[in-house]
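By full-length UniProt numbering, the letter at position 119 of the sequence shown is numbered 119, and the numbering carries on one by one without gaps. No residue lacks a Cβ here, since even glycine has one placed at the ideal position from N, Cα and C. Here the structure comes first, spelled out in structure tokens, and everything after it is commentary.
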Amino acid sequence: DPPKHGSMQFTLAPNLYYPSNYYDCDEFIEISGTKGIMWINQCTSGGNFLSKTPQFPPIVVCTGGEDKTYGEDLPRDWRYSFINSTEHFINIIKNGGEPIYTGEQGRDLCIFAKMPHISYQQNRIVFWEEISVESEKDQSCIVEKPMDVDGAIYRKFLRNIRLEL
């Protein structure tokens, strides 16, 4: 197989208030290919007030000069990703079959997710090979909690967050 390449741009705004049932953040994913672009909108905060606007459909695919939206009928709540994957895993254990991801693919997804955090904390480019069992043991690739987050700015919002969502 030829080598596979990927890139990830990561922007951290630790003091930005973002209404969510889970974390005060959200992810908007853009996948660019040779024939088009796909946007996946609102991963963590799906279901908040932005979900009710037509500007943020769950999935947008732009190819061949056309923009198509998908997933408007999907539940807009992050918890379903955990519920559905857990139910699938239990079904595989009980009845046999193939998991959604192999162990190696799951490990690689974790590495890919850690790289931008470590790059941000150490202010440098991080390479795939740096994230390993050995580096976990010596704690050279541990994701640290941001030190400059001002949690006080959220207090006035957190009381009303459930009403807003």
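Within its own chain, the residues whose Cβ lies closer than 7 Å to the Cβ of residue 141, once the five positions on either side in sequence are excluded, are 114, 118, 130, 131, 135, listed in chain order.
By the Cβ neighbour-count rule, residue 84 is exposed, with fewer than 16 other Cβ atoms within 10 Å of its own. According to the DSSP assignment, residue 70 belongs to the beta strand (DSSP E) that extends over 66-70. DSSP places residue 119 inside the alpha helix (DSSP H), whose first and last residues are 103-122. Distance from the CA atom of residue 30 to the CA atom of residue 9, rounded to whole angstroms, is 10 Å.
Closest option to residue 14, judged by alpha-carbon separation, among 50, 120, 72: 120.
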